[in-house]
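Engineer: Chains as they are written, first to last, in our numbering: chain A, -12 to 298; chain B, 4 to 233.
Glycine included, each C-beta is placed from N, C-alpha and C at the ideal position.
For clarity, every value in this text was computed on a predicted model and none was experimentally measured.
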């Protein structure tokens, strides 16, 4: 199994409650995925000159001060570090490549979970309820988030194998299902110089989509291409800096339910993950059709547009 | 003298409700059960076995009224996967939409979906009747062995794939028929049976304008020369 959740807030005043609304969604979907969990939130950050890097360092509470100090020597006073248990958001004017090379050299125990101007990503081992409390998900503020509760089937249980997976900047993917050709997809991407962190099938799907986008596709076009390239079962929920996108494979064996109101768009593997949301009794609740792209945009504060592309 | 009971699933667990339905309800004076705040929870009313009216107010989860015998269950909302799966007798009605595998393997009874049903509706049907007022998704009536499925709206791709002796009536369009399913002429007996079913389901519909889908029975025996090309 595995559970997926997503929440995009349409009414700007509700964005302060994003985390508070999302925690019961993750907790409930712990029944579908109790071994690890993760969440990517897209924040309205104050303009900075650099990108934000979500860093993960298991048992790293004692190291963060030294890491910040050392990075300031490279990036100057603009560097900041927002520490949250084993996770921290490093804001740095350095390029993703420079940050990654520096970490590999100086801090080999620290992983980069995400990079971008709006994304902040957490993932870890354990019950989703415990992970939510470990990192204080309730206080997260932002425009949208996607989350995942994992029941591992095809690769090991580890924080790195937990979802969301990311590639490039401000892009992430959570997946319920299993791909049957991740190895050939991975090998083809590796030949193009794309590096992988795990042997996980979802990482192959995530890097495939991001590679298509770097080649000039929109996310929707990349998904169209993926229908022909990715074999297997999937409900994919993706997010970019200003979008949340949902798609199911042609057989649609993996569930998803959408609830839309004027205030929000919520996605869950099952309706019970959405049952606590305000106004859900009067929401437009529906099951997404197979091989159909559902895309919700954060157009500007307080409004979104919805498009469903039928292929 | 008849009696009624109300359960609020915001305060009572599904397990407590189902234990009451299995152990205390049969033989009691209670003839009506009202369930509030289902909140998408699973297995509500699974394993009912007595003539009782059950009303579930709100959206419910998976396996609602599974294995039902005798009871009449109405969900005033949507349901998740496998509503009325393995039903033996009685009636299950969903006022909203149903997700996948509605009425899977039902041996008897009547399942009515007032909205749409998703994919694999009536999969492996074994003698029950399924009536859907709206549309059904792909692979509906897959390997259905006995019983009747009625689709008043449109049917998705691969309808009736590997069908045995169940019969399907479709009022709207059919995206495609599955392997070994074929359209057959509507006989007077079909119109009569369909009219009876629609009446029993409390639905309007001009039985004469439905199409019948049955099995071509070409998959009944293994054909080594078919080269898996069906």
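CA-CA distance, residue 83 of chain A and residue 159 of chain A?
Structural biologist: Per the coordinates, the alpha-carbon of residue 83 of chain A lies some 16 Å from the alpha-carbon of residue 159 of chain A.
Engineer: Listing by chain order, which chain B residues have their CB less than 7 Å from the CB of residue 262 of chain A?
Structural biologist: 42, 43
Engineer: Which whole-angstrom value is the C-beta distance of residue 115 of chain A and residue 136 of chain A, which I expect to be below 8 Å?
Structural biologist: 5 Å
Engineer: Is the CB of residue 253 of chain A under 8 Å away from at least one CB in chain B?
Structural biologist: Not closer than 8 Å to any Cβ of chain B, the Cβ of residue 253 of chain A fails to qualify, so no.
Engineer: Cβ closer than 8 Å: which chain A residues qualify as neighbours of residue 104 of chain B?
Structural biologist: None at all; the shortest Cβ gap to chain A is about 10 Å.
Engineer: Have a look at residue 120 of chain A and residue 64 of chain B and give me their C-alpha separation to the nearest angstrom.
Structural biologist: If you take the alpha carbons of residue 120 of chain A and residue 64 of chain B, they lie about 27 Å apart.
Engineer: Could you tell me the distance, in whole angstroms, from the CA atom of residue 36 of chain A to the CA atom of residue 56 of chain A?
Structural biologist: If you take the alpha carbons of residue 36 of chain A and residue 56 of chain A, they lie about 18 Å apart.
Engineer: Please state if the CB of residue 245 of chain A and the CB of residue 277 of chain A are separated by a distance shorter than 8 Å.
Structural biologist: no
Engineer: Can you list, in chain order, the residues of its chain with a C-beta nearer than 6 Å to that of residue 187 of chain A? Leave out the 5 residues immediately preceding and following it.
Structural biologist: 142, 148
Engineer: At a Cβ threshold of 8 Å, is residue 274 of chain A touching chain B?
Structural biologist: Residue 274 of chain A has a beta carbon lying within less than 8 Å of a beta carbon in chain B.
Engineer: Pull up the CB-CB distance for residue 69 of chain B and residue 40 of chain B, whole angstroms please, since I reckon it's below 8 Å.
Structural biologist: About 20 Å; that fails the 8 Å criterion.
Engineer: Helix, strand or coil: how does DSSP classify residue 39 of chain B here?
Structural biologist: Residue state, collapsed to three classes: strand.
Engineer: Between which residues of its own chain and residue 153 of chain A is the CB-CB distance below 6 Å, once the five residues before and five after are set aside?
Structural biologist: Non-local beta-carbon contacts of residue 153 of chain A in its own chain, meaning distances under 6 Å to residues more than five positions away in sequence, involve 101, 159 in chain order.
Engineer: Start and end of the beta strand (DSSP E) containing residue 209 of chain A?
Structural biologist: Segment 206 to 216 is the alpha helix (DSSP H) holding residue 209 of chain A; no beta strand (DSSP E) there.
Engineer: State buried or exposed for residue 288 of chain A, treating a residue as buried only when at least 16 other CB atoms are found within 10 Å of its CB.
Structural biologist: Because the pLDDT of residue 288 of chain A is 48, which lies under 50, any placement of that residue in the model is unreliable, and the question is left without a value.
Engineer: Using the beta-carbon count (16 or more within 10 Å), is residue 202 of chain B buried or exposed?
Structural biologist: exposed
Engineer: Where residue 23 of chain B and residue 78 of chain B are concerned, what is the direct C-alpha to C-alpha distance, given to the nearest angstrom?
Structural biologist: 19 Å
Engineer: Please classify residue 246 of chain A: does DSSP put it in a helix, a strand, or coil?
Structural biologist: strand
Engineer: Going by other Cβ atoms of all chains shown within 10 Å of its Cβ, with 16 needed for buried, is residue 225 of chain B buried or exposed?
Structural biologist: Around the Cβ of residue 225 of chain B, a 10 Å sphere holds fewer than 16 other Cβ atoms; the residue is exposed.
Engineer: For residue 221 of chain A versus residue 150 of chain A, is the C-beta spacing smaller than 8 Å?
Structural biologist: no
Engineer: Give every residue of the same chain whose Cβ lies closer than 7 Å to the Cβ of residue 197 of chain B, excluding the five residues on either side of it in the sequence, and list them in chain order.
Structural biologist: 153, 172, 210, 213
Engineer: Along the chain, where does the alpha helix (DSSP H) that runs through residue 21 of chain B open and close?
Structural biologist: Counting along the chain, the alpha helix (DSSP H) containing residue 21 of chain B begins and ends at 17 to 22.
Engineer: On the DSSP letters alone, give me the boundaries of the beta strand (DSSP E) that residue 273 of chain A sits inside.
Structural biologist: 271 to 273
Engineer: Could you tell me which whole beta strand (DSSP E) segments of length 3 or greater appear in the stretch 92 to 175 of chain A?
Structural biologist: Taken in chain order, the unbroken stretches of beta strand (DSSP E) that lie wholly in the stretch 92 to 175 of chain A and span 3 residues or more are 98 to 103, 106 to 112, 131 to 137, 158 to 166.
Engineer: Mind pulling the chain B residues with CB within less than 7 Å of residue 214 of chain A?
Structural biologist: Going along chain B, no residue has its Cβ under 7 Å from residue 214 of chain A, so there is no contact; the nearest lies around 15 Å.
Engineer: When the Cα atoms are used, what is the spatial distance from residue 146 of chain A to residue 30 of chain B?
Structural biologist: Whole-angstrom Cα-Cα distance: 54 Å.
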